[in-house]
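Take a look at the structure set out below.
Number of protein chains: 2
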Amino acid sequence: MAIFIKTSNCSVCNLKMNLFRFLDKEQLAYINKTRHEVKFHKGETIFKQGGPLTHIACLTSGNAKVYIESHLNKNTILKILKPSELVGGPGFYVDYRHHFSVSALTESTACFIDVHVFEEMIKINTSFAMEFIKYLNNITIKLYDKLISLTHKQMHGRISDTLLYLSKEIYNSNTFQTMLSRQDLADLSAMTKESAIRILKEFKDEGIIDFSTNIFNILKEDVLVKISKTG
Amino acid sequence: MAIFIKTSNCSVCNLKMNLFRFLDKEQLAYINKTRHEVKFHKGETIFKQGGPLTHIACLTSGNAKVYIESHLNKNTILKILKPSELVGGPGFYVDYRHHFSVSALTESTACFIDVHVFEEMIKINTSFAMEFIKYLNNITIKLYDKLISLTHKQMHGRISDTLLYLSKEIYNSNTFQTMLSRQDLADLSAMTKESAIRILKEFKDEGIIDFSTNIFNILKEDVLVKISKTG
DNA sequence: GTAAAAAAATGATATATATCAAGAATATTA
DNA sequence: TAATATTCTTGATATATATCATTTTTTTAC
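These protein sequences, in sequence, are chains S and U. Heads up, the first sequence is in the working numbering, so the first residue is -14 and it goes up one at a time. Heads up, the second sequence is in the working numbering, so the first residue is -14 and it goes up one at a time.
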C-alpha cells in the first residue's frame, strides 16, 4: 500500500529541467505547503490510465514506467521515469483523466502537487506557463521519435533503440542493471517478449552486447547505432 | 509557387476550436495586422521538416497532410488538416524547427502568424496560454491513439481506423472523395501501398466498403468498428 | 485525342514476426 | 531449505507483411 508522508528534503522536487525555477519565493512556498510525498513499493501503481487526474507527480527517488494499456491486452511503454522527473499527462485542461498508467519499477517516492495549484501557477506566472509549454513540446518531439522507431523500423532496429535509450538516457552507462523484465523490454520495443529475447540473444552471440538475467553490458555501441539507423 | 496575398476575409482564421476567442479586440487587431495569407497548389509544401519554424499556420481553405519523414524513405501521416485548423509544431519554444512536414492535398490557402506575435499573446494573455496548453494536450491524446493503433493492431485494424478517421473526422460522411493516394492511405496506416490496396480490395469483396479510384463509400460502418476494436 | 507518365492493381515469393508448447532458470514464499 | 510460482528461454510452426516484377488503369501533357 502507498504510504503518505510529509518530508521537507525536496524543495519542489529539485526538478532537473527546472520548470520551477521561474516561480518566486512566495509561489514556491505555496507549492511546497500543498505538496506531499508518497512512498511506492516495486510494482505499485502511481497513476492509473482512465483514472482521475487530480495531481501532477514528480518522482523523487527510484524508477517508474509510463505505459499505455490497450484493450488488446498489450502495453506500450512510453518512457522510464528517473528521479526529479515530472509526470502529468495530456488530460490536463482537457478531461482530467490519465491517458497512461505509471507504475514503480523499484521502491520509489513521488511528490504530488494538486493540479489546481499547478494551474494557479500557470495563471499567475507567464514564464512558468511558457516553460511548461516548452516541457510539453519536448515530450511531443520524443514521442514522434518513438512513433517512427516503432513503425518504420523492424525488430533489430527497435531493440537497438531500446538498449541505447536505457544506456544513454536512463542509466548513463554502457553497463547497467535494470528492473525491467523481458516483457517490459518488449513493451518498449513493440514486439512479443519471445521476439525480444531472441534478438537479445542474437546480439549476444554476435558480441554486440552481453547480459545475464538483468545485468546488461553494451560492448559495441557503434554497431547498435548502425542497426538503429538502418532500421 | 506559393503566392503571398493579403486578404481580410479571415478574422484570424475563424478558428473553429477557437483558440483566439480569448484575445481582446486590441490583441486580435494586432494579430490581424501582422498575419498574411498564402495560396498553395496541390502537392506544394507548406512546412518542411527540419526547416525553421518562424510562423504558425492556419489552414483557411483546402486540405493538407501533416507527416513525418524518416531517413528510411518512409512517411507517417499524422493527420489531415481541415479548413480553420491551426498547425504549429513542437519546435515552438524548443528548437524552432519543424518536426514534421505539411503539404497541400488540394488547392489551399493558409494564414501565417509570426511565431513572435504568437508568443507575445501567450505572454500577455493567460487565458490564451491555458487554451493553448489544452490545444497541445488534445493533440497528444490523439497521438497516443495513433501510436496504439499503429503498434497494437494488424493491417485490417489499421486500415479500418484510417477509413473511420477519414469518414468521421475529415469528410463527415460515409461517402467521400479524397485526394489521398493509395500511398497516402498506406502512410496513414503504417504499411506498404500494396498491402493497403490488398486490404481495401478485401473489404470491397466482403461488401464492407465500395470504391472506385478515389471515391469511397463505407457500407458497413459497424463491421469496420468491430475490426478496429479486435485489432 | 493521343502519347507519355504516373498511379493502382495483381500475383508470386521471401521475410519478418507472432503463437503455442514445453522446458530451464530464477525468484518468492512457507 | 523445500516447494511453488514466476519469469526466461528454446524450438517448431503458423501467420502477417514486405518485396519485386508485371500488367492494368488513370492522369497529365502536348
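Think of the CB as a built atom: it goes at the ideal place given N, C-alpha and C, for glycine as much as any other residue.
Beta-carbon of residue 37/U versus every beta-carbon of chain S: anything under 8 Å? no
Looking at residue 21/U and residue 100/U, is the spacing between their C-beta atoms short of 8 Å? no
Within 8 Å (strictly less), CB to CB, does residue 184/U reach chain S? no
Close-in-space but distant-in-sequence residues of the same chain around residue 159/S (CB under 7 Å, 5 per side omitted): 152, 202, 203, 206
Does the beta carbon of residue 128/S sit closer than 8 Å to a beta carbon anywhere in chain U? yes
Taking only runs that begin and end inside the segment 45 to 119 of chain U, name each unbroken alpha helix (DSSP H) of 4 or more residues, in chain order. 100 to 109
Within 10 angstroms of the Cβ of residue 87/U, are there 16 or more other Cβ atoms? Answer buried if so, exposed if not. buried
For the segment 129 to 158 of chain S, which residues have a CB atom closer than 8 Å to at least one CB atom of chain U, in sequence order? 129, 131, 132, 133, 135, 136, 137, 138
Which residues, taken in chain order from the segment 103 to 114 of chain U, show a beta carbon closer than 7 Å to some beta carbon of chain S? 107, 108, 111, 114
What is the DSSP secondary structure of residue 123/S, reduced to helix, strand or coil? helix
Can you look up residue 39/U in the DSSP assignment and give me helix, strand or coil? Coil, per DSSP.
Determine which residues share a DSSP beta bridge with residue 178/U and list them. DSSP, once it has assigned bridges, lists no residue as partnering residue 178/U.
Spatial neighbours of residue 164/S in its chain, beta-carbon cut-off 6 Å, leaving aside the 5 residues before and after: The answer, listed in chain order, is 90, 91.
Between which two residues does the alpha helix (DSSP H) holding residue 12/U run? 10 to 19
Does DSSP put residue 233/S in a helix, a strand or coil? The question about residue 233/S has no answer here: the residues shown for chain S are numbered -14 through 216.
What is the rounded straight-line gap between the Cα of residue 137/U and the Cα of residue 168/S? 15 Å
Tell me which residues of the segment 172 to 205 of chain S have at least one Cβ-Cβ distance to chain U shorter than 8 Å, keeping chain order. 175
Partners in chain U for residue 77/S, counting only beta-carbon separations shorter than 9 Å: Listed along the chain, the chain U residues whose CB falls inside 9 Å of the CB of residue 77/S are 118, 119, 122.
Compare the C-beta of residue 66/S with all C-beta atoms of chain U and state if any pair is closer than 8 Å. In terms of beta-carbon proximity, residue 66/S stays away from the interface with chain U, with every pair separated by 8 Å or more.
How should residue 166/U be labelled, buried or exposed, when 16 other C-beta atoms within 10 angstroms of its C-beta is the threshold for buried? exposed
Assigned exposure category for residue -7/U - 16 Cβ within 10 Å defines buried: With a pLDDT of 42 at residue -7/U, under the threshold of 50, the modelled position of that residue is not reliable, and no figure is offered here.
Under a Cβ-count criterion, where at least 16 other Cβ atoms within 10 Å of its own Cβ denotes burial, should residue 229/U be classed as buried or exposed? Because chain U is modelled from -14 through 216, residue 229/U falls outside the range shown and cannot be assessed.
How about residue 62/S: is its C-beta nearer than 8 Å to some C-beta of chain U? Chain U contact via Cβ: absent.
If you drop the 5 nearest sequence neighbours on each side, which residues of the same chain put their C-beta closer than 6 Å to that of residue 208/S? 193
Nonlocal neighbours in the same chain, by C-beta distance under 7 Å from residue 161/S, ignoring five residues either side: 151, 152, 201
Using a C-beta to C-beta distance shorter than 8 Å, which residues of chain U count as neighbours of residue 83/S? None at all; the shortest Cβ gap to chain U is about 11 Å.
Would you mind stating whether residue 129/U and residue 84/S have Cβ atoms separated by less than 8 Å? Yes, Cβ-Cβ distance for residue 129/U and residue 84/S is below 8 Å.
Apply the 10 Å Cβ neighbour rule to residue 37/S and answer buried if 16 or more other Cβ atoms are within range, or exposed otherwise. exposed
For residue 46/S versus residue 68/S, is the C-beta spacing smaller than 8 Å? yes
Sequence-distant residues of its chain with Cβ nearer than 6 Å to residue 34/U (five each side left out): 54, 83, 85, 86
Can you list, in chain order, the residues of its chain whose CB lies under 7 Å from that of residue 197/U, leaving out five sequence neighbours each side? none
DSSP has residue 7/S in a bridge; who is on the other side? Residue 7/S is not bridged to any residue.
May I ask which residues mark the beginning and end of the alpha helix (DSSP H) holding residue 145/S? 140 to 149
Give the DSSP-derived three-state secondary structure of residue 200/U in the structure shown. strand
Span separating the alpha-carbon of residue 216/S from that of residue 176/S: 15 Å
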